[in-house]
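Peer 1:
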Amino acid sequence: PGNYAGRSIDSTSELVLCLDGKGECIGCAGVEVDKIKKMDGYDTTFTAPLMSNLAISRSYRRKGLAESLVKATELIAQKEWGYDDVYLYVEKRNAPAVKL
Numbered sequence: 037p038g039n040y041a042g043r044s045i046d047s048t049s050e051l052v053l054c055l056d057g058k059g060e061c062i063g064c065a066g067v068e069v070d071k072i073k074k075m076d077g078y079d080t081t082f083t084a085p086l087m088s089n090l091a092i093s094r095s096y097r098r099k100g101l102a103e104s105l106v107k108a109t110e111l112i113a114q115k116e117w118g119y120d121d122v123y124l125y126v127e128k129r130n131a132p133a134v135k136l
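Residue numbering for the sequence shown follows the working numbering, starting at 37 and increasing by one per position.
1) Could you have a look at Val126 and say whether DSSP puts it in helix, strand or coil?
2) Measuring only between beta-carbons, confirm whether Leu51 sits less than 7 Å from chain C.
3) Can you tell me whether Ser49 is buried or exposed? The criterion is at least 16 other CB atoms within 10 Å of its CB, across all chains shown.
4) For the candidate residues Pro85, Ser104, Met75, whose alpha-carbon lies nearest to that of Gly118?
5) Locate the alpha helix (DSSP H) running through Ser104, then write down its first and last residues.
6) For a test of the three-state rule: what should DSSP assign to Asp116, helix, strand or coil?
7) Does the beta-carbon of Gly100 have 16 or more other beta-carbons within 10 angstroms, so that it is buried, or is it exposed?
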């Protein structure tokens, strides 16, 4: 646990790592409780876990590792923080991430 990206509202944040057999980092995902703007046309926000910076090393892509990192962050948010949902920050142009 730590102050991931220095933005967490209630100090609830994690950086989840995916390591290969040699202990080298091949992927990561950050998740923190943050204010999220609703996309309903109104200027309202709500507080929930927000996942960002999901990344997998090029040579390890298309093997289900990103999905595993998403599931790991969901478990942290549900089991440790008591949230039912986790939101993923994705740029529109990133089609593979949008599918997650």
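Glycine included, each C-beta is placed from N, C-alpha and C at the ideal position.
Peer 2: Quick answer:
1) Position 90 of the sequence shown, counted from the start, is the residue given in the question as residue 126. Three-state result, Val126: coil.
2) Considering every chain present, this structure includes no chain C. It has just one protein chain.
3) As a working note, residue 49 is residue 13 in the sequence shown. Label assigned to Ser49: buried.
4) By 1-based counting over the sequence shown, the position of residue 118 is 82. Minimum Cα distance to Gly118 is reached at Pro85.
5) Here residue 104 refers to the residue found at position 68 of the sequence shown. Where Ser104 is concerned, the enclosing alpha helix (DSSP H) stretches over 101 to 111.
6) As a working note, residue 116 is residue 80 in the sequence shown. Reading the sequence as shown, one finds Glu at residue 116 and not Asp. Helix at Glu116.
7) Counting from 1 along the sequence shown, the entry for residue 100 is found at position 64. Answer is exposed; the Cβ neighbour count stays below 16.
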